[in-house]
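Here is the structure we will look at.
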Amino acid sequence: MMYFTDRQEAALQLTAKIIKHKSPQTIVLAIPRGGVPIGCALAKALSAPLDLLMAKKIGHPFDPEFAIGAVCANETIIEETGSVKKEYIAQQLEQIKKELSDRYRHLTSRERPLSLYQKKVIITDDGIATGRTMLAAVRAIKRQDPSSLIIAVPVCSVEAKNKLMPEVDELIACHYPDPFIGVGRFYRHFSQVTDEEVMAMLTTSNAVVSPSSHA
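Those letters in the sequence shown? Residues 34 to 248, per our numbering, in order.
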């Protein structure tokens, strides 16, 4: 079943559900690259600053598309697996953390993310399948002591919903399909978002937010 024409339509539907969280303390964090068009629309509706939340799955050594865990900042989620050597996981962690740090600087032209201390943080992406990456993201954000933590996405699997709800103050989604085939299946147009588009959206979004919002 297709729910959305594209990410812009998905963001429009989601905006109606999160407008109640408009506050001077709200910050929107988007997981690149697909989450950035969603985050840009939410940040605009909430008059909130937009920042990137760098996270990436850890692929199985024999099947990189199969995630055995996820990394976000200093948080790592590893699934129980006896078939993967600890040396491989350690090497992947070091490589991914450096890659995420380099990518953040490249996409934002900033050395470090915005402070989330005592902020109302809304994390978004274009959808959640297994929830592993989002779980790593949530636990990384919790270390920064936000006043509240909300996940807002257009589509989320029931598996991920059950995994994530105990971890956050609120989980908001337009749809919880079951079975869940894959995020892209719920969009008619699901093209890749480029680095250039991400940088342009960040610039446009934060240009209309007052500097005091970034404090």
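Glycine is no exception: its CB is placed at the ideal position from the N, C-alpha and C atoms.
Excluding the five sequence neighbours on either side, which residues of its own chain have a C-beta within less than 6 Å of the C-beta of residue i, listed in chain order?
i, result
"residue 249", "The structure shown has nothing for residue 249, since the chain only spans 34 to 248."
"residue 112", "101 and 102"
"residue 218", "none"
"residue 161", "167, 186, 189 and 193"
"residue 155", "61, 183 and 185"
Could you tell me which of the options sits nearest to residue i, measuring between CA atoms?
i, options, result
"residue 184", "234, 177, 204 and 195", "204"
"residue 43", "56, 72, 98 and 154", "72"
"residue 146", "137, 105 and 154", "137"
"residue 202", "63, 102, 213 and 178", "178"
"residue 132", "104, 116 and 77", "104"
"residue 52", "234, 34, 175 and 76", "76"
"residue 78", "65, 41, 85 and 224", "41"
"residue 120", "94, 142 and 130", "94"
"residue 96", "128, 117, 35 and 127", "117"
"residue 38", "234, 224 and 235", "224"
"residue 110", "142, 169 and 135", "169"
"residue 226", "130, 66 and 54", "66"
In the DSSP output, what is residue i paired with across the bridge?
i, result
"residue 189", "161"
"residue 178", "Residue 178 is not bridged to any residue."
"residue 173", "Answer is none; residue 173 lacks a bridge partner."
"residue 183", "155 and 203"
"residue 37", "220"
For the alpha helix (DSSP H) containing residue i, name the first residue and the last one.
i, result
"residue 139", "119–141"
"residue 228", "228–240"
"residue 70", "68–79"
"residue 42", "40–51"
Considering just the uninterrupted stretch of the beta strand (DSSP E) at residue i, what are its terminal residues?
i, result
"residue 59", "59–63"
"residue 93", "88–93"
"residue 97", "96–105"
"residue 204", "203–208"
"residue 110", "108–111"
"residue 85", "83–85"
Using a Cβ-Cβ cutoff of less than 7 Å, which residues in the same chain neighbour residue i once the five nearest sequence positions on both sides are dropped?
i, result
"residue 100", "90, 91, 92, 163 and 165"
"residue 199", "none"
"residue 106", "173"
"residue 125", "91"
"residue 239", "82 and 83"
"residue 144", "138"
"residue 232", "140"
"residue 98", "92"
"residue 337", "Outside the displayed span of the chain (34 to 248) sits residue 337, for which this structure offers no information."
Just to confirm my understanding: we take residue i, look at its own chain, exclude 5 residues before and 5 after, and list those with CB closer than 8 Å. What are they?
i, result
"residue 152", "58, 59, 60, 179 and 180"
"residue 237", "73"
"residue 157", "47, 61, 62, 63, 64, 68, 71, 72, 75, 184, 185 and 186"
Measuring straight from C-alpha to C-alpha, what distance separates residue i and residue j?
i, j, result
"residue 192", "residue 171", "16 Å"
"residue 159", "residue 222", "12 Å"
"residue 80", "residue 212", "35 Å"
"residue 48", "residue 63", "14 Å"
"residue 229", "residue 190", "30 Å"
"residue 197", "residue 150", "21 Å"
"residue 122", "residue 68", "26 Å"
"residue 88", "residue 176", "15 Å"
"residue 195", "residue 35", "23 Å"
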